[in-house]
Every structure is written in C-alpha cells, then in structure tokens.
Amino acid sequence: MIQTIRGIRDILPQDTALWQHIEETATELLDSFGFQEIRIPIMEKTELFARSIGEATDIVEKEMYTFPDRKGEKLTLRPEATASVVRAYVQHKMYAEDPIRKMYTIGPMFRRERPQKGRYRQFYQINAEVFGISAPYIDAQLILILNALFKRLGLSGLKAHINSLGCPKCRPDFQKTLLAFLEDKKDKLCDNCLRRMDKNPLRTLDCKAPGCREAMADAPSTLEHLCLECREHFDTVKNMLDQQNVDYVVDKTLVRGLDYYSRTTFEILTTALGAQSAVAGGGRYDALVKELDGPEMPAIGFAIGFDRLAEIVEQLETPILPKPPAVFIIPLGEKAKELGYLWASELSLAGIKTEMNYSGRSLKSLMKRANKLGAGHVLIAGEKEIEENALILRDMATKEQHTLSMENPVKQILSYLK
RNA sequence: GUGGGUGUAGCUCAGUUGGCAGAGCGCUAGGUUGUGGUCCUGGAUGUCGAGGGUUCGAGCCCCUUCACUCACCCCA
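First residue of the first sequence: 1449, per my numbering; consecutive thereafter.
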C-alpha cells in the first residue's frame, strides 16, 4: 500500500470544516485591515531562499527540499513565503504604481525536519506582508491582528513575545559587544554556537543548550544597544500595544532563525502543543527588498502556523462540524429512483443540501442512514406514494409528516423548508 | 542528524510461563408487510507493520528493517 511521505499528511474531510473556518476568520480579518491576497508559486529558484533567508541558517543549510530540474537548474520547494512575496513585489515592480502594499497568502511550506507534534514536513502558513510603511504603528497593528484572530477563534492563553534587533546603524556596534562577551565564554559554549559566532552571532542568544543558557544569562541584549531611532520605534510599538490591551512580554532572547529580520520581531507562543510553542511569528525586514534587487523599501510581515492553530482550536470544546443535509431522499423502486434523482438534483441546484440513496436497501436501513447523516427532512417516495399522488416529507426532529402531491414536489419542499 | 516510546479488525485497545487471534465502538442484516435515534439477536472484517532466526509450535523470545509518536534541535 502506498502511503504519504514521512511527515506529510492528508487533511481529511472530517477536518476541513475546521480549516475552512480558520481560513475564513483570518481572511475576513485581514481584508478589514486592507490586505489583498497574492498567490505565489510553490517552487522557486534555490538562490532566492539562499539569498533572503541566509546561507548560514538551519533552514537553508539542512532543511530545504532542493533538487535539479531536468535541465539542471537548482529548484527548491518553498520553506517559507516571505521570500516569494518580496520577489513578486520586486519582479512586477509593484512599488512603482503604489509602494504601499498589504498582501496575504495561504499555502503549504516544506522543511525536511524530524516530524513531531505540531511539526510536519509539509505544513501550512497564513502569511501577511506589508511593504512601504516604516511607521511603528504597522508593527503594532500586525501583532494586534494576530491577537484579534486568536480571540475570534476562541483561544486564550497565548502570549506575544516581542523584541527589537536593531538596524544596520546600531547592530554592528552591538555585535562587537556581543562578540567580546562570547570570546570570554568560549569554553562554555556548544559547538553550534561556536560556529554561529562567525556567521550569525545573534543566534547564540537563543541557544537552548543548558551550558549556553547559563553562559548567556548575563549576555548583552540588543535592547541596550539600540540607536535613538530604533529605541523610539520600539517604544511606540510597545505603547500602542499597551493602549490596545494586547498582552505581551519583552523577550530579549527572541532572535529568530531567518537572517533578514531587523528592528521589531515577535512570536505568539502557546503551551498547548508540547515543545512546539510558536503559533505565529514575524518581524520587520527593512533591508530585504533591496537585498533582492528592489528599491530601498521598509517591510514587515508575519506567518501563522496553520496546522498548529488548527490543533489548538480543535482542543476547544465546541467542535466545528460540517453542515448536515437538509433533505434525504429515500426512493423505493426503480421509478422512484429516477424521479428521486431528478428532484435531488433540482434541490441541490436550488441551494438545498440534498442526499439520496440509490442502493435499493430497506426503508428502515435508509432511515438509519438519514439519521446518521443528520438529515433535516426525509422524502419517502415509494411505489405506493407515487401511485397515490401522496409523497411523504418527514421532519426528522419533530417526526411530523407532510403529504406532497406529485405535481412539482420540489417547489412544495422548498416552501416547507422556508 | 541524536535519543526514548509504540506498531494486533475501519477506530480505541486487551492478549497470561510461547499452545485454536479477542473485546468495545463502528459497519451490516434482522427483531411480523414500508418509518430513524434507545434496546435485543445474528453476520462480515486481520499479511498480529515487514523480513529473517530460535522452537514440535511465535502476536509473545532474538536479529534486521520500516512506519508512527514524543523529546533534543529548529521553527510556524
């Protein structure tokens, strides 16, 4: 039996009602805040991710699905969405007509990690990106949107962690201080961190190894080395969140695994998913548009882990169920099947969710089936009813039965359902 | 990439010192002619994850392998 690839799963019909609910809630919210949908490819040239995410990151170093196509070009299944959205913004010179763009996209991402609770090799994200706005208000607004989304989905117990990583103006100075500190602690750091010292020293700040954690306890924080502009920017973000009652903590260890972030970064954490605590994350990436051959352009975005969000929402007590059929048609006999088929089609085309059974099983067993499907009404069309011009429409909840004539029964059903 | 746990019916799981492969749920057919939910009775369904070994005999013991799962790591 052929099965799905490791870490890759089907989202089955029993779960898609929930997924659609989440998706609708999110897109409705994003629409109110002025976001438009963009649909981006699942494959890109490998170079796009290497240049944007960063050569030395875990994602690029060991997690991407990269392969040569038939002509030898290196392609990669997207491990995240931001790079593609930025690429599209630059490629189509979207900045020319209006540099301010708010876009969202929903779809699968691919990373070859060891699967675990809340972590899949194909996983889904809802991404939102804003171009052309440098004001800190938009930073606060993105966090507000995430907060509102989770609230609308009925979730509690999620906490926003925020930090500021500084900008090209203040970061070199901070890196110098950090490197001096790391040099001091060199004998206590793990191999990974020693390697990171050269490539991306910021990443040492969030290393989870116990030895590193201890050594890094009094490490310098980016927050203490922000330039005036960065400090004011971060203060405004916090101020707005306070005024809008968004619950957050400042977390100086929040660095994030992609190189392109600057200034504000944030993650929304949950305790409901074991070790996979991040439900959403994002930050500002003011240098990335230019880095990908576009103009100097501020930008910021977030990604929501759809699978994780769905798992948390699923834990709520009120399950989201698919809509049951309004009408279930039970035909008894060949003539009834033919008529029933025509009526069923007509009802469905009129927007009434209708099911019918063609098997020729007994009335009793089909009543059982109607009950199992949760049908609102059952239309019993037997030889007898057709002959006597008296079809039976039974209300499954009240057990009340109406008699319908053979003349346009669909019309009669429609008026009963009103 | 590194560790731990688990693989038996569609699902959740029992299965004794190695001796006929089970239960509940679900599915299905009935319970006086053609009316559901509760109840009662019957029925179908297994490569015991796969391959090898030990043994008269393996779901059970040994080896190999695969998958799932949790954690490290990473992140959504």
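Even for Gly, the Cβ is constructed at its ideal location relative to N, Cα and C. None of the values given here were measured: they were computed from a predicted structure.
Cβ-Cβ distance between residue i and residue j below 7 Å
| i | j | result |
| --- | --- | --- |
| Glu1492 | Arg1526 | yes |
| Phe1714 | Ile1593 | no |
| Asn1611 | Val1694 | no |
| Leu1795 | Val1826 | no |
| Tyr1572 | Asp1755 | yes |
| Thr1670 | Phe1629 | no |
| Ala1588 | Val1737 | no |
| Ile1678 | Gly1731 | In the sequence on display, residue 1678 carries Cys and not Ile. Result no, Cβ atoms of Cys1678 and Gly1731 do not sit closer than 7 Å. |
| Leu1477 | Leu1597 | yes |
| Gly1788 | Ile1777 | yes |
| Pro1658 | Leu1626 | no |
| Asp1683 | His1609 | no |
| Gln1570 | Ile1456 | yes |
| Ser1500 | Tyr1709 | no |
| Val1534 | Leu1706 | no |
| Thr1846 | Ala1838 | no |
| His1681 | Pro1584 | yes |
| Ala1504 | Lys1647 | yes |
| Gly1753 | Val1727 | yes |
Assumed close pair residue i, residue j - CB separation to whole angstroms, cut-off 8 Å
| i | j | result |
| --- | --- | --- |
| Glu1528 | Ala1751 | 7 Å |
| Ile1548 | Ile1581 | 6 Å |
| His1673 | Cys1618 | 6 Å |
| Phe1579 | Ala1747 | 5 Å |
| Tyr1552 | Phe1483 | 5 Å |
| Leu1764 | Leu1811 | Going by Cβ atoms, the distance from Leu1764 to Leu1811 rounds to 39 Å, so no, they are not a contact pair. |
| Ser1532 | Ile1574 | No, Ser1532 and Ile1574 are not in contact; Cβ-Cβ is about 14 Å, not under 8 Å. |
| Cys1655 | Met1645 | Between Met1645 and Cys1655 the Cβ distance is about 11 Å, and since that is not below 8 Å, they are no contact. |
| Ile1840 | Ala1465 | Not quite, the Cβ-Cβ distance comes to about 31 Å (not below 8 Å), so this is no contact. |
| Leu1721 | Ile1760 | 7 Å |
| Ile1490 | Pro1556 | 7 Å |
Coil, strand or helix - residue i by DSSP
| i | result |
| --- | --- |
| Thr1473 | helix |
| Met1512 | coil |
| Asn1856 | coil |
| His1673 | helix |
| Pro1779 | strand |
| Phe1622 | helix |
| Ile1501 | helix |
| His1850 | strand |
| Asp1646 | helix |
| Thr1802 | strand |
| Thr1712 | strand |
| Gln1692 | coil |
| Lys1866 | coil |
| Gly1788 | helix |
| Leu1525 | strand |
| Lys1607 | strand |
| Arg1704 | coil |
| Ser1807 | coil |
Inter-residue spacing [alpha-carbon to alpha-carbon] between residue i and residue j
| i | j | result |
| --- | --- | --- |
| Lys1510 | Arg1562 | 11 Å |
| Lys1783 | Trp1467 | 41 Å |
| Lys1820 | Lys1607 | 41 Å |
| Arg1651 | Arg1560 | 21 Å |
| Leu1702 | Thr1712 | 10 Å |
| Ile1716 | Lys1522 | 34 Å |
| Tyr1513 | Ser1807 | 47 Å |
| Ala1498 | Tyr1733 | 16 Å |
| Pro1743 | Glu1803 | 56 Å |
| Lys1624 | Gly1566 | 37 Å |
| Glu1577 | Tyr1696 | 21 Å |
| Thr1494 | Pro1770 | 40 Å |
| Pro1516 | Leu1862 | 58 Å |
| Asp1690 | Ser1725 | 23 Å |
| Lys1785 | Pro1461 | 28 Å |
| Trp1791 | Thr1718 | 50 Å |
| Met1844 | Gly1729 | 47 Å |
Run of the alpha helix (DSSP H) containing residue i, from where it starts to where it stops
| i | result |
| --- | --- |
| Gln1573 | Run containing Gln1573: none in the alpha helix (DSSP H); it sits in the beta strand (DSSP E), Gln1570 to Phe1579. |
| Ile1593 | Pro1584 to Arg1600 |
| Gly1659 | Pro1658 to Ala1663 |
| Ser1725 | Element bounds for Ser1725: n/a, residue is neither H nor E. |
| Lys1832 | Glu1831 to Glu1835 |
| Met1542 | Met1542 to Glu1545 |
| Ala1774 | First-last for Ala1774: undefined, no H or E at that position. |
| Lys1738 | Leu1736 to Glu1739 |
| Thr1530 | Thr1530 to Gln1539 |
Any non-hydrogen atom of the ligand MN within 6 Å of residue i CB
| i | result |
| --- | --- |
| Ala1504 | Judged by which ligands are present, the structure shown has none, so any question about the ligand MN falls away. |
Element boundaries [beta strand (DSSP E), containing residue i]
| i | result |
| --- | --- |
| Phe1750 | Ala1747 to Gly1753 |
| Pro1556 | Arg1549 to Phe1558 |
| Ser1813 | No beta strand (DSSP E) contains Ser1813, which is instead part of the alpha helix (DSSP H) from Leu1811 to Leu1821. |
| Arg1842 | Leu1839 to Asp1843 |
| Lys1493 | Met1491 to Lys1493 |
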